[in-house]
Amino acid sequence: MNRLRTNPERLRRFLTEIAAFGATQNGGVTRLALSDEDRDARNQLKAWFEEAGCETQIDRMGNMFFVRPGKNRTLPPVLTGSHCDSQPQGGRFDGILGIVAGLEAVCALNDAGVTLERDLIVVNWTNEEGSRFTPGTTGSGVFAGKLDRQAMYGLTDRDGLTFGEELERIGYKGETDFDPRPLHANFEYHIEQGPVLERQDKTIGVPKGIVCLRWYDVEIQGVPNHAGPTPMNERQDAIYAFSRMAGQIFDIGLASKDVVTTVGEVHPSPNSRNVIAGHVHFTIDIRGWDETETDRVCKAIEEAIQNNAEATGCTVDIRQTWAVERAPFHPELVSLIHDIAGELDLPALDMVSGASHDTVYINQFAPSAMIFVPSIGGRSHAEVEETSWSDCAAGADVLLNCILKTGNDAADVTYSISK
Ligand SMILES: [Zn+2]
1168 MNRLRTNPER LRRFLTEIAA FGATQNGGVT RLALSDEDRD ARNQLKAWFE
1218 EAGCETQIDR MGNMFFVRPG KNRTLPPVLT GSHCDSQPQG GRFDGILGIV
1268 AGLEAVCALN DAGVTLERDL IVVNWTNEEG SRFTPGTTGS GVFAGKLDRQ
1318 AMYGLTDRDG LTFGEELERI GYKGETDFDP RPLHANFEYH IEQGPVLERQ
1368 DKTIGVPKGI VCLRWYDVEI QGVPNHAGPT PMNERQDAIY AFSRMAGQIF
1418 DIGLASKDVV TTVGEVHPSP NSRNVIAGHV HFTIDIRGWD ETETDRVCKA
1468 IEEAIQNNAE ATGCTVDIRQ TWAVERAPFH PELVSLIHDI AGELDLPALD
1518 MVSGASHDTV YINQFAPSAM IFVPSIGGRS HAEVEETSWS DCAAGADVLL
1568 NCILKTGNDA ADVTYSISK
């Protein structure tokens, strides 16, 4: 079958020019949500999309929707896109690749003289990273009805500036909402942010979904005492208890083929060199594709924590503070990505996404799938983040043909979102 192709030079130019907004010394970008750099990048995107014939819509969360009209505007549209904010000293590809590839798809359709049956919408979701304003994926979360807009307006950054004021300041607080629902299909094209594709020498990653997640907060209570006179066998040392627990949490994750376990935050107190710690607060992040295996790992970790508390004379309080079920993508859209990759002679790999994305929210009400391309060295959220230009173009070709297929689906074609 004859497949359309994107223009790799133009895609590279878009990516290079947009990377100037917030460019860092070492080749990365710092483009925090609702900063001047974010505003400037948004202005550039708007100019490019409008030049390519799209209409711009901005909702009350500052989400930007670039609409390329189809023949039948009453049909549910096809959505693609990602985010243009970055981590501090982040990379040039995370998020922005998915928007700019959507722009390139629009240009390639224009070049080929193709008007789709359905509207094509390329979106820039506000504040995916959650670095300046926590939590992240706020734009897509509010759009999905899962986060409260007023509450998000009230988020503050380190300087005490609020999300709502900053959104207004950069001129991207829309006065009304834009709601193109129902959506026919949603594709998010993103860098992998891990090492799997590169290691297996594959160009296209086809995640079947996003892993499930469990968060824990753990409080260990020991007895604070003087580091000198207290005999070793009479200590209830909360840091000792913690270190035994942390070692086992790592080992349990290592032994599981599916699940990853991370102790990311540790707060000992009093955190003084000559005091035996009386208390430790730490967090655990547990993720896996298999819910049963993930729950088994959670149980094993809870037991290990209890046992080590007892063995060290400490007491412990374990709380599961967040649990998110895995998010399987739409099987037909996942196999469409596979088929198109095959027709384009691009080696593809079934995988799961270990990271969260805006599509986690969109997937809850619209048939969704994602397209990954390799991250060189598996590095991301860092200035060294890199994807080869040819891989960027390969993923854009897959995206373009997914859009071409679903954008031309007849009125009676639907992808149900039953799980
Ligand atoms: Zn991202």
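The opening residue of the sequence shown carries number 1168 in the numbering used here; numbering runs sequentially from there. Quick reminder that beta carbons are idealized off the backbone N, C-alpha and C, glycines included. Predicted, not measured: the structure shown is a model, and the values here were computed from it.
Spatial neighbours of residue i within its chain, please: CB distance less than 8 Å, with the 5 preceding and 5 following residues excluded, ordered by chain position.
{"i": "Ala1311", "result": "Tyr1528, Ile1529, Gln1531 and Phe1532"}
{"i": "Asn1441", "result": "His1393, Ala1394 and Gly1395"}
{"i": "His1548", "result": "Gln1254, Gly1257, Gly1258, Asp1261 and Gln1360"}
{"i": "Asp1315", "result": "Val1309"}
{"i": "Arg1206", "result": "Ile1337, Gly1338 and Tyr1339"}
Using a Cβ-Cβ cut-off of 7 Å (strictly less than) and excluding sequence neighbours within five positions of residue i, which residues of its own chain qualify?
{"i": "Leu1221", "result": "In the sequence on display, residue 1221 carries Cys and not Leu. Once the five neighbours on either side are set aside, the close Cβ partners of Cys1221 are Phe1233, Val1234, Arg1235 and Val1273."}
{"i": "Thr1173", "result": "Glu1271, Ala1272, Ala1275, Ala1560, Ala1563, Asp1564 and Leu1567"}
{"i": "Pro1255", "result": "Thr1197, Leu1199 and Ser1298"}
{"i": "Thr1526", "result": "Asn1353, Glu1355, Ser1535 and Met1537"}
{"i": "Lys1340", "result": "Arg1227, Gly1229 and Leu1334"}
{"i": "Ala1413", "result": "Val1430"}
{"i": "Glu1469", "result": "Ile1485"}
Using only CA atoms, which one of the options lies nearest to residue i?
{"i": "Trp1292", "options": "Gly1545, Glu1401, Asp1226 and Gly1306", "result": "Gly1306"}
{"i": "Gly1445", "options": "Lys1466, Pro1391 and Glu1365", "result": "Pro1391"}
{"i": "Pro1396", "options": "Ile1443, Glu1359 and Leu1364", "result": "Ile1443"}
{"i": "Leu1212", "options": "Glu1176, Lys1313 and Leu1264", "result": "Leu1264"}
{"i": "Pro1349", "options": "Leu1182, Asp1207, Ser1253 and Thr1241", "result": "Thr1241"}
{"i": "Cys1251", "options": "Gly1269, Val1245 and Lys1238", "result": "Gly1269"}
{"i": "Ala1408", "options": "Ala1471, Gln1224, Asn1277 and Glu1359", "result": "Ala1471"}
{"i": "Thr1343", "options": "Ala1577, Gln1224 and Asp1558", "result": "Gln1224"}
{"i": "Thr1370", "options": "Val1540, Thr1581 and Ala1577", "result": "Val1540"}
{"i": "Ile1543", "options": "Ser1249, Pro1362 and Arg1179", "result": "Pro1362"}
So, with DSSP's three-state summary, where would you put residue i?
{"i": "Cys1465", "result": "helix"}
{"i": "Asn1353", "result": "strand"}
{"i": "Asn1291", "result": "strand"}
{"i": "His1497", "result": "coil"}
{"i": "Thr1304", "result": "coil"}
{"i": "His1505", "result": "helix"}
{"i": "Met1518", "result": "strand"}
{"i": "Gln1388", "result": "strand"}
{"i": "Val1527", "result": "helix"}
{"i": "Ala1549", "result": "coil"}
{"i": "Ile1371", "result": "strand"}
{"i": "Ala1272", "result": "helix"}
{"i": "Val1565", "result": "helix"}
{"i": "Ala1408", "result": "helix"}
{"i": "Val1433", "result": "strand"}
{"i": "Asn1416", "result": "Checking the sequence, you will find Ile at residue 1416 rather than Asn. In this structure, Ile1416 counts as helix in the three-state DSSP scheme."}
{"i": "Thr1196", "result": "According to the sequence as given, residue 1196 is Val; it is not Thr. The answer is strand: DSSP assigns Val1196 an E or B state."}
{"i": "Gly1121", "result": "What is shown of the chain runs 1168 to 1586, which leaves residue 1121 out entirely."}
Applying the 10 Å Cβ sphere with the 16-neighbour rule, what's the burial state of residue i?
{"i": "Asn1230", "result": "buried"}
{"i": "Pro1498", "result": "exposed"}
{"i": "Leu1199", "result": "buried"}
{"i": "Val1281", "result": "exposed"}
{"i": "Pro1398", "result": "exposed"}
{"i": "Arg1325", "result": "exposed"}
{"i": "Asp1286", "result": "buried"}
{"i": "Asp1261", "result": "buried"}
{"i": "Asn1193", "result": "exposed"}
{"i": "Trp1489", "result": "exposed"}
{"i": "Ala1214", "result": "exposed"}
Pull the bridge partners of residue i from the DSSP assignment, please.
{"i": "Ser1249", "result": "Asn1291"}
{"i": "Tyr1383", "result": "Ile1451 and Gln1487"}
{"i": "Glu1222", "result": "Val1234"}
{"i": "Ala1536", "result": "Phe1354"}
{"i": "Thr1428", "result": "Ile1453"}
{"i": "Ser1439", "result": "Paired residue(s): none; Ser1439 is not in a bridge."}
{"i": "Thr1323", "result": "Thr1329"}
{"i": "Thr1482", "result": "Gln1388"}
Identify, in the order they occur along the chain, each residue of the same chain with its Cβ nearer than 6 Å to the Cβ of residue i, setting aside the five sequence neighbours on each side.
{"i": "Ser1557", "result": "none"}
Point to revise | Residues surrounding ligand 2 [beta-carbon distance to nearest heavy atom under 5 Å] | key: Of the ligands this structure carries, namely ligand 1, none is ligand 2.
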